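Enquirer:
Number of protein chains: 2
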Amino acid sequence: MNGHRIPEATVNRLPVYLRVLAEASGSSPTISSELLAEKAGVNAAQVRKDLSHLGSYGTRGVGYEVGYLMHQISRRLGVDTELKVVIVGAGNLGQALATYGGFASRGFQVVATFDSDPDKVGTRVGVTKVQPVTSMPETLRELRVDIGVVTTPASAAQSTVDLLVSGGVSCILNFAPTTVAVPGHVALRQVDLGVELQILSFYRQGDISPVAVGE
Amino acid sequence: MNGHRIPEATVNRLPVYLRVLAEASGSSPTISSELLAEKAGVNAAQVRKDLSHLGSYGTRGVGYEVGYLMHQISRRLGVDTELKVVIVGAGNLGQALATYGGFASRGFQVVATFDSDPDKVGTRVGVTKVQPVTSMPETLRELRVDIGVVTTPASAAQSTVDLLVSGGVSCILNFAPTTVAVPGHVALRQVDLGVELQILSFYRQGDISPVAVGE
DNA sequence: GCTTGTGAAATCTTTCACAGCA
DNA sequence: TGCTGTGAAAGATTTCACAAGC
Chain A
-4 MNGHRIPEAT VNRLPVYLRV LAEASGSSPT ISSELLAEKA GVNAAQVRKD LSHLGSYGTR
56 GVGYEVGYLM HQISRRLGVD TELKVVIVGA GNLGQALATY GGFASRGFQV VATFDSDPDK
116 VGTRVGVTKV QPVTSMPETL RELRVDIGVV TTPASAAQST VDLLVSGGVS CILNFAPTTV
176 AVPGHVALRQ VDLGVELQIL SFYRQGDISP VAVGE
Chain B
-4 MNGHRIPEAT VNRLPVYLRV LAEASGSSPT ISSELLAEKA GVNAAQVRKD LSHLGSYGTR
56 GVGYEVGYLM HQISRRLGVD TELKVVIVGA GNLGQALATY GGFASRGFQV VATFDSDPDK
116 VGTRVGVTKV QPVTSMPETL RELRVDIGVV TTPASAAQST VDLLVSGGVS CILNFAPTTV
176 AVPGHVALRQ VDLGVELQIL SFYRQGDISP VAVGE
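Order-wise, the sequence lines are chains A and B. Quick note, in the working numbering, the first sequence goes up one by one and the last residue is 210. Quick note, in the working numbering, the second sequence goes up one by one and the last residue is 210.
#1: If you count every other CB in all the chains shown that lies within 10 Å of the CB of THR212 (chain B), and 16 or more means buried, which is it?
#2: Please report the distance separating the alpha-carbon of ALA182 (chain B) from that of THR134 (chain A).
#3: State the start and end residues of the unbroken beta strand (DSSP E) segment that holds LEU78 (chain B).
#4: With a cut-off of 8 Å, does the C-beta of PRO2 (chain A) fall near any C-beta of chain B?
#5: Pull out every residue of the region 25 to 44 of chain A whose Cβ sits closer than 9 Å to any Cβ of chain B, in chain order.
#6: So with CB distances below 8 Å, who are the chain B contacts of THR134 (chain A)?
#7: Would you mind working out which of A:LYS115, A:ALA85, A:ASP112, A:ALA171 sits nearest SER150 (chain A), comparing C-alpha positions?
#8: With 16 as the cutoff for other CB atoms within 10 Å, does ARG14 (chain A) come out buried or exposed?
#9: Any beta carbon from chain B within less than 8 Å of GLY62 (chain A)'s own beta carbon?
#10: In this structure, does DSSP put ILE167 (chain A) in helix, strand or coil?
#11: Counting only Cβ pairs nearer than 8 Å, list the residues of chain A close to GLU191 (chain B).
#12: For GLU60 (chain A), tell me which candidate among A:PRO24, A:ILE82, A:LEU78, A:GLN153 has the shortest Cα-Cα distance.
#13: Rounded to whole angstroms, what's the CA-CA distance from GLN67 (chain B) to SER100 (chain B)? Just pull it up for me.
#14: Could you confirm whether any beta carbon from chain B is found closer than 8 Å to the beta carbon of GLN153 (chain A)?
#15: Examine chain A for any beta-carbon lying closer than 8 Å to the beta-carbon of ALA17 (chain B), and answer yes or no.
#16: Anything in chain A within Cβ reach of THR118 (chain B), meaning under 8 Å, just list it in chain order.
#17: Keeping to the same chain, check which residues put their C-beta closer than 7 Å to that of LEU88 (chain A); ignore five residues upstream and five downstream.
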């Protein structure tokens, strides 16, 4: 079952499998769909169905070879090439994300940070120096940036996104507490932390509960 | 259509509608499903179906009364009561979240922060002073905390979650780059920022793109 | 006339259950 | 025997399309 379009729900779980595999890679050379499912918090049939979209990389009676499966998932996710990330908005959240270890360990390289505040420009954030937003157009082209992370206030989010898109950035992760729009050929994910808490507080009332997001 | 169980997919969109309504509340006393849909990035029929789960709060030929609809959504989400939040892990991300404006503006109050590092304990983060994790049990009970936000390293995430649960916290938002488990009656959402970027980088390759998360 | 509310259809996702292979 | 890979069934979600109401 190779070459066809991978369902969106599956794509959202592949990175989770990858993380579980990375954690498990020390223990055993192979892993069963059952164990992988348990660690990822899903059903074993789901794991097998998901992985079948990549091809037949398991061995019946044995399981999946951990290293090989990691390679195949990475390849399909397109995470095997180092991608360049910029962060726009060097406030608390922007600074935290710039130094967040989870990016580098997954092959993402934070190559620049931007802020409109002259007091922030020039200060050191992680391994980058904060640049003025006015320099975004040149910097984006020059560095051939892949991903933009937006941590500006809501009021600046849309104009920031427009700048990123016109600078050739094809993936945008928006943390600003407002919804932004992009042309259809740009990948966009919106994350609003306040919204997350509202959803949680709903589930608290009922019996049903565990919900996973960003996975 | 009132009183029955609200579908999970709908619950995930309600907070987004709430945010859109808050933004639109200045402009007009009413809003159509079409406009609300456009601002929330979904289909108008979906908005109507979603809202129909709360009751019939619209007026045919007119639309929805913004203030009243906000009230109804808030009530159903259980966000009309002020909820107490603690943040465990006072690193960059924890500090950023402690001062993140999106929580307070949505009725969540950050009442305490914890860290295991003695150097961090006692320092000021937002309006709270960092407490040692050893004081979590008493503090959680004393303040009757509703929500726990975990921003520890992966290695400390599960034990932190266990402490939160035994301290009576019924909602947990996990930002640590590892999956944690909780008993079924605790609401859990997992957010891994590295995973987000991996998903984005997949969509970059294909034609289809815009994906919303945490919404 | 304009917009909601909602059955019915279409689509997508998950789960089942078992044939097939190591 | 044990575990994958996968059709088929079940379930959930989205979209359509239109009757009903203001």
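Built from N, CA and C at the ideal position, the CB exists for glycine as well. Keep in mind it's a predicted model, so treat the numbers as computed, not measured.
Expert: Straight from the coordinates:
#1: As shown, chain B starts at -4 and ends at 210. That puts residue 212 (chain B) outside it, with no answer to give.
#2: So the alpha carbons of these two residues sit roughly 42 Å apart.
#3: First-last of the beta strand (DSSP E) with LEU78 (chain B): 78 to 83.
#4: Cβ-Cβ to chain B under 8 Å: no for PRO2 (chain A).
#5: Against chain B - using a Cβ distance shorter than 9 Å - the residues of the region 25 to 44 of chain A are LYS34, ALA35, GLY36.
#6: Ordered by position in chain B, no residue passes the 8 Å Cβ test against THR134 (chain A), which lies about 19 Å from the chain.
#7: Selected option, being the one with the closest Cα: A:ALA171.
#8: With a 10 Å radius around the Cβ and a threshold of 16 neighbouring Cβ atoms, ARG14 (chain A) comes out buried.
#9: Interface annotation, GLY62 (chain A): not in contact with chain B, CB-CB separation never under 8 Å.
#10: Strand.
#11: The answer, in chain order, is LEU168, ARG184, VAL186, GLY209.
#12: That would be A:PRO24, whose Cα lies nearest to the Cα of GLU60 (chain A).
#13: Taken atom to atom, the span from the alpha-carbon of GLN67 (chain B) to that of SER100 (chain B) is near 18 Å.
#14: With 8 Å as the cut-off, GLN153 (chain A) does not count as an interface residue toward chain B.
#15: So, not an interface residue.
#16: Under a criterion of Cβ atoms nearer than 8 Å, no residue of chain A is adjacent to THR118 (chain B); the nearest Cβ is some 14 Å distant.
#17: Taken in chain order, the residues that qualify are THR146, PHE170.
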